[in-house]
Structure formats: structure tokens, C-alpha cells
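Quick note, my numbering runs 800 ahead of the 1-based positions in the sequence shown. A virtual CB, placed ideally from N, CA and C, is assigned to each residue, including glycine. Keep in mind it's a predicted model, so treat the numbers as computed, not measured.
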Amino acid sequence: MASGEVVAEVDGAPVRAPFAGVLRGLIRDGRQVSAGLKIGDVDPRGVRAHCFTISDKALAIGGAALWAIMAWANRH
């Protein structure tokens with residue numbers, strides 16, 4: 801998708817992509833949203849295959865949580 805491309809509509813107003821990339825996700829049609837709510841995710845890397853993998857952020861958070869659990873479990 802191109803920067804500025806319309807990806808959704810809220811109360812008749814277009815919501816445009818802030819930058820070029822691949823649309824990874826979008827809130828379901830018909831959901832009530834408030835101002836400032838994140839309704840979608842554009843991946844600036846532009847690689848469609850990344851839409852079917854775990855994000856770097858999710859891997860980092862998951863790794864940190866696993867480390868904390870293991871450290872807690874191994875304390876004496």
C-alpha cells in the first residue's frame with residue numbers, strides 16, 4: 801500500500817496509511833472506536849510474508865517473559 805492510501809473509514813472520514821508498507825491487520829468492520837485508538841498496523845518493510853510470522857516486538861516480549869519465569873523458578 802502507498803503512503804496516504806485509504807485503509808478504513810470512521811464516521812465517513814477516511815483513515816489513511818501514514819507510510820508505505822503492507823497492512824498487517826485492521827480492526828473488524830462495524831466496531832465502535834474512540835479517537836486515538838490504533839485500528840490497524842502497517843509494516844513498513846513491505847514484505848507480505850512477514851504478515852504470517854511473529855513480530856520482532858512479540859518475540860522480544862515473549863523472550864523477556866520466559867527469562868523472568870525461568871529466573872524466578874531457579875531462585876534458591
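| Check | Outcome |
| --- | --- |
| Three-way DSSP call (helix, strand, coil) for residue 862 in this model | helix |
| Own chain residues within Cβ distance below 6 Å of residue 802, not counting five before or after | 820 |
| Proximal residues to residue 825 (C-beta, below 7 Å), its chain only, five neighbours per side dropped | 840 and 841 |
| Nearest neighbour of residue 805, chosen from 872, 823 and 845 [CA to CA] | 823 |
| C-alpha distance - residue 853 paired with residue 843, whole-angstrom precision | 12 Å |
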